[in-house]
Ligand SMILES: [Cu+2]
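In my numbering, the protein residues as written are -4 to 434.
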């Protein structure tokens, strides 16, 4: 965050400018035709109000209405994806996003997706879990001709189900290149109990060789694990007001099943890839195994304040690959002298574009202990680099504890929650206004 921007936020906080008044002030400075343009771009009213799910680090796919049909435009294309501050990969995704933008509809709606293939090879779109006519199923040669590069294909169907679904290319290697996105069908009749926060997480894994940017889709050894296309600490924390009810919808499209664990709270599983489960099947748990091709929906009461981790519990999925940072040097793990380890980590520290903090102390005789080092030197504090409103107020060097398929739910008392939401809103309004001001 720039100094100017930080000062702006501080000033706004000091002045106690309310969210509404701030937005109105900024809007007042805006020419009227801009206001009209903004109104014209607003989403057409849905048949009934739905509480949208939020996909952290991924945006929603906008739509237009054509009569009673909700129309989406979706293009498969190569995407440069920064998964941590020091690693950008060449993934494939949709509309510049990997995973693709989230589609949200209402149960009962008619949906049209105008699909375009901007990939260098043929593809198709499968609507995972949805009950629709065979010609909409998106399987090459079985239900349709593959969509050739440069071609368009129109999918249209009525969504009669409710639940957490996803869309993906129905070609194995393309799936491993990142071609997936969330598709949420909100129920006609509200779920009970209602939730205050609804979050979606897409689990993906990547095998990217050192000094490479292209995932090796034939590999079975994955060195990068992501929630919504980013590894911790770049994952945006989920915010929850203390005392609220939270829903997490987790989908997995990879080669491994991921046991997703929540700290400090118990949850119940309220849905699968097939929709809502009856309350009689709910039982307390805090780890849910999200198998490949599955959706798992869990809900919990955010009872205890704090920054509570949500992460895959497979140990190798709680790490970021540092091999890249070592460039052409082989990584050394166990059975090495401390001097070597320090030298290696120092070269690593020099190659990252930020100050590398690893404050955990080691024993004076560490080098004499077989097995050392394990996690020593692995922590890479980068608070400033990944700073955003959602990280505001976290303990210093918090990012050193965050790696791999990991995020957190920040359960915040009302006042702190509101302050961060206001900061987010200000950042959004400022970002929206920047192009207008420059022109
Ligand atoms: Cu995992």
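Quick reminder that beta carbons are idealized off the backbone N, C-alpha and C, glycines included.
{"Check": "Below 7 Å CB to CB, which residues in the same chain sit around residue 422 once its five sequence neighbours on both sides are set aside?", "Outcome": "384"}
{"Check": "Residues in the same chain with beta-carbon distance under 6 Å from residue 412, minus the five sequence neighbours each way, listed in chain order, please.", "Outcome": "236"}
{"Check": "Measuring only from the beta carbon, is residue 250 closer than 7 Å to any heavy atom that is part of ligand 1?", "Outcome": "no"}
{"Check": "In terms of residues, what are the limits of the alpha helix (DSSP H) holding residue 70?", "Outcome": "Premise fails: residue 70 lies in the beta strand (DSSP E), 64 to 79, not in any alpha helix (DSSP H)."}
{"Check": "For ligand 1, which residues count as neighbours when the test is a C-beta closer than 5 Å to any heavy atom?", "Outcome": "253, 307, 309 and 312"}
{"Check": "Checking 8 Å against the spacing of the C-beta atoms, do residue 122 and residue 81 come in under that value?", "Outcome": "no"}
{"Check": "Closest by CA to residue 163, which one among 200, 120, 155 and 268?", "Outcome": "120"}
{"Check": "For residue 428, name the three-state secondary structure that DSSP assigns.", "Outcome": "helix"}
{"Check": "Apply the 10 Å Cβ neighbour rule to residue 243 and answer buried if 16 or more other Cβ atoms are within range, or exposed otherwise.", "Outcome": "buried"}
{"Check": "Could you compute how far the alpha carbon of residue 201 sits from the alpha carbon of residue 226?", "Outcome": "11 Å"}
{"Check": "Where does residue 413 sit, in a helix, a strand or coil, going by DSSP?", "Outcome": "helix"}
{"Check": "Would you check if the region 255 to 264 and the region 175 to 193 touch, i.e. whether three or more CB-CB distances between them fall below 8 Å?", "Outcome": "no"}
{"Check": "Could you please give the first and the last residue of the uninterrupted alpha helix (DSSP H) stretch that includes residue 171?", "Outcome": "167 to 171"}
{"Check": "What separation, rounded to the nearest whole angstrom, lies between the Cα atoms of residue 54 and residue 91?", "Outcome": "11 Å"}
{"Check": "Around the C-beta of residue 397, are 16 or more other C-beta atoms found within 10 angstroms, so that it is buried, or is it exposed?", "Outcome": "buried"}
{"Check": "Any contact of the region 139 to 147 with the region 84 to 103, i.e. 3+ C-beta pairs under 8 Å?", "Outcome": "no"}
{"Check": "Any idea if residue 77 is buried or exposed, counting beta-carbon neighbours within 10 angstroms, 16 or more meaning buried?", "Outcome": "exposed"}
{"Check": "On a CA-only basis, which of 311, 223 and 366 is nearest residue 86? Give me that one, please.", "Outcome": "223"}
{"Check": "Note down the Cα distance separating residue 204 from residue 140, rounded to an integer number of angstroms.", "Outcome": "34 Å"}
{"Check": "Alpha carbon to alpha carbon, how far is residue 48 from residue 65? Give it in angstroms, no decimals.", "Outcome": "17 Å"}
{"Check": "Just list the beta strand (DSSP E) runs in the region 131 to 176, keeping only unbroken ones of 3 residues or longer that don't cross its boundaries, in chain order.", "Outcome": "147 to 153 and 158 to 163"}
{"Check": "Please classify residue 199 as buried or exposed, where buried requires at least 16 neighbouring CB atoms within 10 angstroms.", "Outcome": "buried"}
{"Check": "Quick check: residue 394 and residue 376, are their CB atoms within less than 8 Å of each other?", "Outcome": "yes"}
{"Check": "Between the Cα of residue 296 and the Cα atoms of 240, 274, 125 and 420, which residue gives the shortest distance?", "Outcome": "240"}
{"Check": "Nearest-angstrom Cα distance between residue 84 and residue 275?", "Outcome": "44 Å"}
{"Check": "Quick check on residue 96: does DSSP put it in helix, strand or coil?", "Outcome": "strand"}
{"Check": "Does the Cβ of residue 50 have 16 or more other Cβ atoms within 10 Å, making it buried, or fewer, making it exposed?", "Outcome": "buried"}
{"Check": "Does DSSP put residue 396 in a helix, in a strand, or in coil?", "Outcome": "helix"}
{"Check": "For residue 405, collect the residues of the same chain with a Cβ closer than 6 Å to its Cβ; drop the 5 residues on either side in sequence, then sort them by chain order.", "Outcome": "232, 234 and 302"}
{"Check": "Can you give the Cα-Cα distance for residue 265 and residue 293, rounded to whole angstroms?", "Outcome": "5 Å"}
{"Check": "Whose C-beta lies closer than 7 Å to the C-beta of residue 308 among residues of the same chain, with five residues either side of it excluded?", "Outcome": "254, 256 and 282"}
{"Check": "Does DSSP classify residue 420 as helix, strand or coil?", "Outcome": "helix"}
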